[in-house]
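Participant: Sending over a structure as structure tokens; questions will come in a sec.
Numbering (this note's numbering), first residue to last: 2 to 157.
Pasting the structure below:
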């Protein structure tokens, strides 16, 4: 359903942006249903847009204000990983389980990483462009100053 597109620095995504048919980020997005998005001629159409960050897995891209505000709120502890873009602060108020988080800048460099952040906290990272979130897990997670390798599409 989603074609893999070449790996790019996250700063390239930021500069080229997410272009919809209407020409602006999320202009047709009401939960992303039917959103047609292009990256350099490649097209992905569907309910979710995906980014793969090796070796950490596939992340659902959340870019509307309501999607970013909600994040993993209201989900179960087996929820999929998400990438909130743009985002420099998150909260865990109302969460029922701990989460792993990683803030990164436009070049994909991890500025702040925390594992098992418990509910009812607020955290921000100056200079961050996006945040990775997943339910807390013993699996590998980005470390501070790590350079992320981001591929557009779903890891299949």
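All C-beta atoms, glycine included, are put in the ideal place defined by N, C-alpha and C.
(1) What separation, rounded to the nearest whole angstrom, lies between the Cα atoms of residue 120 and residue 72?
(2) Return the chain-ordered list of same chain residues with a C-beta closer than 6 Å to the C-beta of residue 92, the five sequence neighbours on each side being excluded.
(3) Which term fits residue 140, buried or exposed, when burial requires 16 or more other beta carbons within 10 angstroms of its beta carbon?
(4) List, from N- to C-terminal side, the beta strand (DSSP E) runs of 3 residues or more that fit wholly inside the stretch 108-148.
(5) For residue 81 and residue 56, what's the separation of their Cα atoms in angstroms?
(6) Taking the straight line between their C-alpha atoms, what separation do you get for residue 108 and residue 148?
(7) Count the other C-beta atoms from every protein chain shown that fall within 10 angstroms of the C-beta of residue 67, then say buried if there are 16 or more, exposed otherwise.
(8) From residue 137 to residue 96, what distance separates their C-alpha atoms?
(9) Within this structure, are the beta carbons of residue 99 and residue 117 separated by less than 8 Å?
(10) Which residues in the same chain as residue 74 place their Cβ atom closer than 7 Å to its Cβ, once the five residues preceding and following it in sequence are excluded?
(11) Which value, in whole angstroms, describes the spacing of the CA atoms of residue 86 and residue 152?
(12) Specify the secondary structure class of residue 74 as computed by DSSP and reduced to three states.
(13) Between which residues of its own chain and residue 146 is the CB-CB distance below 6 Å, once the five residues before and five after are set aside?
(14) Counting along the chain, where does the beta strand (DSSP E) carrying residue 55 start and finish?
(15) Could you check if residue 131 is buried or exposed, using at least 16 other CB atoms within 10 Å of its CB as the buried criterion?
(16) Whole angstroms is fine: what's the gap from residue 52's alpha carbon to residue 60's?
Facilitator: Let me lay it out:
(1) Taking the first residue of the chain shown as 1, we reach residue 120 at position 119. Taking the first residue of the chain shown as 1, we reach residue 72 at position 71. When rounded, the distance between both Cα atoms is 13 Å.
(2) For this step, residue 92 is matched to residue 91 along the chain shown. Excluding positions up to five away in sequence, the list reads 123.
(3) Taking the first residue of the chain shown as position 1, residue 140 is located at position 139. Residue 140 comes out exposed.
(4) The stretch 108-148 is shown to contain whole beta strand (DSSP E) runs of 3 or more residues at 111-118, 123-125, 131-136, in chain order.
(5) Residue mapping note: residue 81 aligns to position 80 of the chain shown, counting from 1. Residue mapping note: residue 56 aligns to position 55 of the chain shown, counting from 1. Rounded to the nearest angstrom, the two C-alpha atoms are 15 Å apart.
(6) In the chain shown, counting from the first residue as 1, residue 108 sits at position 107. In the chain shown, counting from the first residue as 1, residue 148 sits at position 147. C-alpha separation (whole angstroms): 8 Å.
(7) By one-based count along the chain shown, residue 67 stands at place 66. Classification for residue 67: exposed.
(8) Translated into the one-based positions of the chain shown, residue 137 becomes position 136. Translated into the one-based positions of the chain shown, residue 96 becomes position 95. Using only the alpha carbons, I get a separation of about 12 Å.
(9) As a working note, residue 99 is residue 98 in the chain shown. As a working note, residue 117 is residue 116 in the chain shown. Result yes, Cβ atoms of residue 99 and residue 117 sit closer than 8 Å.
(10) Stepping through the chain shown from its first residue, residue 74 is reached at position 73. Within the same chain, residue 74 has close Cβ partners 95, 96.
(11) Reading the chain shown from its first residue, position 85 is the one you call residue 86. Reading the chain shown from its first residue, position 151 is the one you call residue 152. Computed Cα separation, rounded: 15 Å.
(12) For this step, residue 74 is matched to residue 73 along the chain shown. The answer is coil: DSSP assigns residue 74 none of H, G, I, E or B.
(13) By one-based count along the chain shown, residue 146 stands at place 145. Nothing meets the Cβ criterion.
(14) Walking along the chain shown from the start, residue 55 turns up at place 54. Taken as a continuous stretch (DSSP letters only), the beta strand (DSSP E) holding residue 55 covers 51-55.
(15) Walking along the chain shown from the start, residue 131 turns up at place 130. That one is buried.
(16) Position 51 of the chain shown, counting from 1, holds the residue named residue 52. Position 59 of the chain shown, counting from 1, holds the residue named residue 60. For residue 52 and residue 60, the distance between alpha carbons rounds to 5 Å.
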